[in-house]
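Chains as they are written, first to last, in the numbering used here: chain H, 9 to 204; chain U, 9 to 204. Even glycine gets a Cβ: it sits at the ideal position worked out from N, Cα and C. As structure tokens, the structure follows; a few thoughts come after it.
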DNA sequence: CGAGCGCTTGATTGAGTTCAAAAATCGTGG
DNA sequence: CCACGATTTTTGAACTCAATCAAGCGCTCG
């Protein structure tokens, strides 16, 4: 069950069997059923998750009750409200399972503890934070500069397999447009002979 | 000249005179004249900056030559293309000095080196990364869910003193709208007796 | 003092929204 | 496995917010 996270870590650092054995003592697997809520805005997060199978999701809900999707986490992605966890603050976002999901539960202090044995895990953690920042910078840039169609094309490039797994209204929510608009964008692309 | 960064660090951790003395050996001050370019998209970054006085700025330029501002860094803010620095990749963004600016130059490996003497600087670095992530998550959420007016009100709340220091077209660029639209948003707010 | 830049204002256009309803798809229980 | 209800997607029409295009004003700085 932990093979996936192990091979993820191994892409960025070397980890012996013994080392992984030790640090993984603090890890456990949890499954979420489709639609299950993981964390509500206002609550304080205590765990991060690494998705083995399925799909988790982070979103906000505005005053009108409309959802705005901040992040999708399919297989081999991490997701967590790091701020809520680190600063012990109520989260601004909701987290739920969009599909039946199996995830590795990462305790609050996992990296600190594990780094006592395998110091370069700190560096690993650092790399993940940077990747997350790069990802969000790109997203901000897209939201500032690209049209709905460009953002959609970028989405299917970024998450090729999600395009079919996720309901269209969620993709629309991620892109910052209405489901109706996304439907029209897709129609236009089809007309232009685009194969999605 | 380094008092500012010292007091910034001291807000999050304890630092003795001797410790600061040692780690600051790697720091130097640099000034940028108004309009000076610091890093161009495509180049690889080598330094981060902590702004003592003035204003630095990170932005992209789209195919049509239009600027989109990702971040402002006024006094006591950090700015850097951490990804370019960490992964040795060409940057996606431009960095320049919007005002005459005095900044502390932070070398690539400053935190790693300094942490050898003051380990909790690693933690400090971690906190800064998290703050940056929180900041960007909020920005993404605003871009997904708020109107131009709401985003402008949020901006003047976030950067109260920038509102007057920065040309309006730059604020518009940060908000993701045109200068003309911002002008109209402000006119509307004035009509509604809003004191900006 | 004039050229250039930034801001405003007006008129027009356009991308995307809203509201409404039909069509397609999905899921669940019989 | 089918049928029925619910959800999702599509389509249409009217509308709205913000973009674009264009002109004019006011400052500042050379």
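Listed by chain order, chain H residues near residue i by CB distance under 8 angstroms
i	result
residue 148/U	78, 144, 147, 148, 151
Under the three-state DSSP convention, the category residue i falls into
i	result
residue 131/H	helix
residue 207/H	No information on residue 207/H is available, as it lies outside the stretch 9 to 204 that chain H covers here.
residue 226/U	Nothing about residue 226/U can be read from this structure; chain U reaches only from 9 to 204.
residue 139/U	helix
residue 65/U	strand
residue 56/H	strand
residue 110/U	strand
residue 204/U	Because the pLDDT of residue 204/U is 48, which lies under 50, any placement of that residue in the model is unreliable, and the question is left without a value.
residue 152/H	helix
residue 102/U	strand
residue 188/H	helix
residue 177/H	helix
residue 166/U	helix
residue 8/U	Residue 8/U falls outside the range modelled here, since chain U spans only 9 to 204, and no answer is possible.
residue 24/H	coil
residue 205/H	Only positions 9 to 204 of chain H appear in the structure, and residue 205/H is not among them; the question remains open.
residue 44/U	coil
residue 120/U	helix
residue 81/H	strand
residue 157/H	helix
residue 75/U	strand
Rounded separation between residue i and residue j - CA only
i	j	result
residue 204/H	residue 185/U	Residue confidence is low: residue 204/H scores 48 on pLDDT, short of 50, so the model does not pin down where it sits. Its coordinate-derived value is still stated next. Residue 204/H and residue 185/U: Cα-Cα distance of roughly 30 angstroms.
residue 197/H	residue 173/H	19 angstroms
residue 76/H	residue 9/U	44 angstroms
residue 142/H	residue 148/U	13 angstroms
residue 111/H	residue 180/H	25 angstroms
residue 26/U	residue 105/H	50 angstroms
residue 168/U	residue 187/U	19 angstroms
residue 90/H	residue 56/H	7 angstroms
residue 38/U	residue 14/U	16 angstroms
residue 114/U	residue 40/H	44 angstroms
residue 53/U	residue 47/H	37 angstroms
residue 78/H	residue 120/U	31 angstroms
residue 144/H	residue 150/H	10 angstroms
residue 118/U	residue 31/U	8 angstroms
residue 191/H	residue 170/H	16 angstroms
residue 33/H	residue 35/U	41 angstroms
residue 177/H	residue 103/U	36 angstroms
residue 194/H	residue 162/H	13 angstroms
residue 80/U	residue 72/U	22 angstroms
residue 183/U	residue 189/U	10 angstroms
residue 60/U	residue 109/U	8 angstroms
residue 130/U	residue 116/H	17 angstroms
residue 29/U	residue 133/H	29 angstroms
residue 18/U	residue 11/U	10 angstroms
residue 58/U	residue 70/U	27 angstroms
Proximal residues of chain U, C-beta to C-beta of residue i below 9 angstroms
i	result
residue 50/H	The premise fails here: residue 50/H is roughly 15 angstroms from chain U at the closest Cβ pair, so nothing lies under 9 angstroms.
Listed by chain order, chain U residues near residue i by CB distance under 7 angstroms
i	result
residue 130/H	130
Neighbouring residues, chain H, relative to residue i (Cβ below 9 angstroms)
i	result
residue 141/U	90, 91, 137, 140, 141, 144
Chain-ordered chain H contacts of residue i [CB-CB under 7 angstroms]
i	result
residue 25/U	The contacting residues do not exist; residue 25/U stays about 27 angstroms from chain H at best.
residue 68/U	149, 153
**Request:** State whether the segment 88-107 of chain U contacts the segment 123-138 of chain H, with contact taken as three or more CB pairs (one from each stretch) at a distance under 8 angstroms.
**Result:** Yes, they touch.
**Request:** Check each residue of the segment 179-197 of chain U: if its Cβ is closer than 9 angstroms to any Cβ of chain H, include it; give the result in chain order.
**Result:** Under the 9 angstroms Cβ criterion, the segment 179-197 of chain U contributes 181, 182, 183, 184.
**Item:** Cβ pair count under 8 angstroms reaching 3, the segment 23-39 of chain U against the segment 124-131 of chain U
**Value:** Yes, since at least three Cβ pairs between the segment 23-39 of chain U and the segment 124-131 of chain U fall closer than 8 angstroms, the two stretches touch.
**Request:** Anything in the segment 91-106 of chain U with a Cβ closer than 8 angstroms to a Cβ of chain H? List those residues in chain order, please.
**Result:** Listed by position, the residues of the segment 91-106 of chain U near chain H (Cβ gap below 8 angstroms) are 91, 94, 95, 100, 101.
**Prompt:** Is the segment 76-86 of chain H touching the segment 150-161 of chain H, taking contact as three or more C-beta pairs under 8 angstroms?
**Reply:** No: fewer than three Cβ pairs fall under 8 angstroms.
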